[in-house]
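Inspection log for the structure reproduced underneath, given as structure tokens.
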Amino acid sequence: MAGGKETPRQRMIGMMYLVLTALLALQVSNQILQKFILLNDGLERTSKNFNQKNDFAINIIRTTVEQQGNNEKDVPKVEAAQQIRTLSREVFTYLEEIKNRLIDESNAKNAEGNFKTAALKNVDIPGNIFNNNRVGYEMQDKLNEFPAEVSAILASVGLDVTFDKIANDAKDIDIFKNDVDVKYKDYVNLNFVKSPVGAVIAIISQHQNEVLNIESEALALLTNSLGSFIFEADKLVAKVAANSNIVAAGTRFEADMFIASSSSGVQLRMTADGREIPVQEGLGKIEFPVAPASSYDDRGLAARTLRGEIVVPIGGVDSVLTVDYQYFVAQPVIQVSSVVVRQLYAECANELNIDVPALGNAYAPEFTVTGGQAIKGSRPADVTIIPASSGKVNITVASSGNRIGSLEYDIRPVPAPTVRLFNGDNAIDLQNTFPFPGPRQLKVRAIPEPTFAQTMARDANFEVSAGEVRLVRNDVPRASVRISGENVSTTSLLAEAQAGDKLIVIVNEVTRTNFQGNKIRSQLNEVYTINIR
3 MAGGKETPRQ RMIGMMYLVL TALLALQVSN QILQKFILLN DGLERTSKNF
53 NQKNDFAINI IRTTVEQQGN NEKDVPKVEA AQQIRTLSRE VFTYLEEIKN
103 RLIDESNAKN AEGNFKTAAL KNVDIPGNIF NNNRVGYEMQ DKLNEFPAEV
153 SAILASVGLD VTFDKIANDA KDIDIFKNDV DVKYKDYVNL NFVKSPVGAV
203 IAIISQHQNE VLNIESEALA LLTNSLGSFI FEADKLVAKV AANSNIVAAG
253 TRFEADMFIA SSSSGVQLRM TADGREIPVQ EGLGKIEFPV APASSYDDRG
303 LAARTLRGEI VVPIGGVDSV LTVDYQYFVA QPVIQVSSVV VRQLYAECAN
353 ELNIDVPALG NAYAPEFTVT GGQAIKGSRP ADVTIIPASS GKVNITVASS
403 GNRIGSLEYD IRPVPAPTVR LFNGDNAIDL QNTFPFPGPR QLKVRAIPEP
453 TFAQTMARDA NFEVSAGEVR LVRNDVPRAS VRISGENVST TSLLAEAQAG
503 DKLIVIVNEV TRTNFQGNKI RSQLNEVYTI NIR
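Per my numbering, the sequence shown starts with residue 3, numbered consecutively.
Structure, rendered in structure tokens:
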């Protein structure tokens, strides 16, 4: 800008552009291309901040003029500010469309929306779009018309300021004008011909920043040119500017409460809902945790009103300005992910992921359980629930001390295992007779129900822990051995066995070892017969 000394931000933006254009004259590596994308991400975040700042500046200009009684000298400046904002948006959107066209035609992003290094290296597509199709020359015209149009709008309200061009040929850039290799190049050939896609994306984002920076400077000039603020109590209006008027319970409400045009020589005192808040450069900083509402409408919202007060010294007397600001508390929705989500198994490790997406990174869960106990996992939303032996489990979910809601589950008993007999690793068919003298490696196994075994593997460890095997001849017991585990020693029984005898297997107890190593015993009375031929 030719109207005054450059700010550090302006000097930084100019230097970044010079670095970008200088790098385009080099053979860039994959690593440098990736740096271009990182640079582009930073530029786009800066653009977002610029847009918010410029929107805020428009509101400041409008409300200040209103509060000063719509002075006839200042009223046209409101329209001028809006014209500049509209013009800036049009150019910004135009550049965004070109950037998206470049990304689409170069297939620069994968299905997940991430940039592909191979596509970023493409140097043919930028030349085709910006040179062969003349898009670059059209863009140069629009970029250079913008500062001139902004200057003309400012001149219409008595502000004589000239802004520099944005899109320059090499001869107009200090770093290139004496370089025999590039000084002859025009804007398009300097920036886009034989330039990789990744670098061109960053250049377009930089141009967007320059557009928004010129707009910001112009709005600042308009703001500074407004007449002096006169504190007249009947014309003062208190305002609240919130980041959002819809917030989720458990997050923080953040907003600025302010008088649109303040004075550095005036000490202001502000309160929000009766609580005093800090005042920085005339703006009251409001921040507080949002408690859940007792009820929500069919949209999942609950209306609330913030009551603000600003104490302003007018004519040596403190005047109190009030403002009522309505915002909405959004009902947080609890989402549960688990293999089993309808019922929880008694005395087992039921692993759940209990999330509240609306809270985002502010989610700091606390789980309170009745009818069982909870063990927190390695991630905030992970929790293991161990229910009691029967009844229901109620899980109350809170975040940062604020109750979010509760979940209730039925407690499902652990399904009984199936007892099966084996000779070694071979299952015994009880429908047929077993060869004499009988099974020498008898095993009595407790097999968990398949669904339980799959979903609760750490708790599906069953063992037959009590019972008896009897050798029976003509319905008269001849000998017996005790069962105290899977393997049963039948040597002594088979030594007395004869063809036609029976081995009667009686299972009295099955023990399950849960994930904590605790033994849970269940009584049974099951009988199995092995006929010896």
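Think of the CB as a built atom: it goes at the ideal place given N, C-alpha and C, for glycine as much as any other residue.
Examine chain D for any beta-carbon lying closer than 7 Å to the beta-carbon of residue i, and answer yes or no.
i: ASN463; result: Chain labels in this structure do not include chain D; a single protein chain is all it has.
Of the residues the options, which one's Cα is nearest the Cα of residue i?
i: VAL395; options: GLY403, SER402, THR386; result: THR386
i: LEU97; options: ILE206, THR453, LYS167; result: ILE206
i: ARG277; options: PHE290, PRO450, MET141, GLU212; result: PHE290
i: ASN476; options: ALA390, ALA501, THR420; result: ALA501
i: LEU473; options: VAL466, SER494, ASN463, SER467; result: SER494
i: THR457; options: ILE406, PHE517, GLU498; result: PHE517
i: GLU147; options: ILE168, ASP162, ASN135; result: ILE168
i: ALA351; options: TYR329, ASP384, TYR327; result: ASP384
i: TYR298; options: ILE388, ASN520, ILE406, SER158; result: ILE406
i: ASN520; options: GLY403, ALA462, THR398; result: ALA462
i: ALA400; options: ILE60, LEU104, ASP43, ALA251; result: ALA251
i: VAL322; options: ALA240, GLN337, GLU470, ARG254; result: ALA240
i: ILE175; options: ASP162, THR164, TYR189, PHE165; result: TYR189
i: PRO537; options: ASN425, PRO450, ALA429, PRO452; result: Outside the modelled stretch of the chain, which goes from 3 to 535, sits residue 537, for which no answer is possible.
i: GLN54; options: SER218, PRO382, GLN525, GLN282; result: SER218
i: THR420; options: GLY393, LYS378, ARG514; result: ARG514
i: ALA418; options: ILE388, VAL292, VAL471, SER524; result: SER524
i: GLN282; options: SER90, ALA257, ASN73, LYS173; result: ALA257
Out of curiosity, what's the CA-to-CA distance linking residue i and residue j?
i: SER482; j: ALA459; result: 34 Å
i: ASN434; j: ASN510; result: 24 Å
i: VAL80; j: ASN215; result: 19 Å
i: ILE532; j: SER467; result: 20 Å
i: PHE38; j: THR48; result: 15 Å
i: ASN56; j: SER153; result: 17 Å
i: ILE356; j: SER197; result: 49 Å
i: TYR139; j: ASP171; result: 11 Å
i: SER380; j: GLY374; result: 20 Å
i: VAL93; j: VAL213; result: 8 Å
i: TYR365; j: GLU353; result: 19 Å
i: SER296; j: ASN404; result: 12 Å
i: ASN527; j: LEU409; result: 38 Å
i: GLU151; j: VAL137; result: 21 Å
i: ALA157; j: ASP76; result: 14 Å
i: PRO280; j: MET272; result: 7 Å
i: GLY284; j: TYR329; result: 23 Å
i: ASP2; j: ALA59; result: Given that the chain is displayed from residue 3 to residue 535, the structure contains no residue 2 and the question cannot be resolved.
i: LEU505; j: PRO367; result: 57 Å
i: VAL242; j: ILE177; result: 47 Å
i: LEU122; j: ALA201; result: 8 Å
i: HIS209; j: VAL159; result: 27 Å
i: ALA390; j: ILE397; result: 13 Å
i: PRO437; j: ASN428; result: 14 Å
i: GLY44; j: PRO149; result: 24 Å
i: LEU161; j: LEU221; result: 11 Å
i: LEU192; j: THR119; result: 22 Å
i: ASP181; j: ASN102; result: 33 Å
i: ILE312; j: SER392; result: 58 Å
i: ARG484; j: VAL338; result: 47 Å
i: ASN112; j: LYS187; result: 34 Å
Thinking residue i and residue j are a contact (beta carbons under 8 Å), I'd like their distance in whole angstroms, please.
i: TYR530; j: LEU423; result: 6 Å
i: ARG309; j: VAL331; result: In fact, because the Cβ distance is near 16 Å, the residues do not count as touching under 8 Å.
i: ALA304; j: ILE288; result: Contact doesn't hold; Cβ gap of about 19 Å is too wide.
i: VAL203; j: ASN42; result: This sequence places Ile at residue 203; Val is not what is there. Yes, they are in contact, since the Cβ atoms of ILE203 and ASN42 sit about 5 Å apart, within 8 Å.
i: VAL371; j: VAL335; result: With 8 Å as the limit, VAL371 and VAL335 do not qualify as a contact, their Cβ atoms being about 20 Å apart.
i: ALA448; j: VAL512; result: 5 Å
i: ARG480; j: GLU451; result: Their Cβ separation, rounded to whole angstroms, is 36 Å, which puts ARG480 and GLU451 out of contact at 8 Å.
i: VAL199; j: ASN124; result: 5 Å
i: GLU470; j: ILE508; result: 5 Å
i: VAL195; j: MET259; result: The Cβ separation is near 52 Å, so there is no contact.
Segment contact, 8 Å Cβ cut-off, at least three pairs: the region 485-492 with the region 443-452: Proximity of the region 485-492 to the region 443-452 meets the contact definition, three or more beta-carbon pairs being nearer than 8 Å.
Any 3 or more C-beta pairs closer than 8 Å across the region 216-225 and the region 135-144: no
Contact between the region 101-110 and the region 121-138 (3+ Cβ pairs under 8 Å): yes
Contact the region 345-364 vs the region 412-422: 3+ CB pairs below 8 Å: yes
Touching by the beta-carbon criterion (3+ pairs, under 8 Å), the region 82-92 and the region 59-68: yes
Minimum length 4: unbroken alpha helix (DSSP H) runs contained in the region 347-382: none
Those runs of the beta strand (DSSP E) which lie wholly inside the region 418-449 and span at least 3 residues: You should have 420-425, 444-449.
Within the region 95-125, ranges of the alpha helix (DSSP H) (whole runs, at least 4 residues): 119-122
Those runs of the beta strand (DSSP E) which lie wholly inside the region 461-515 and span at least 3 residues: 463-475, 478-485, 504-515
Runs of alpha helix (DSSP H) lying entirely within the region 387-411, each at least 4 residues, in chain order: Counting whole runs of 4 or more residues, the region 387-411 contains no alpha helix (DSSP H) stretch at all.
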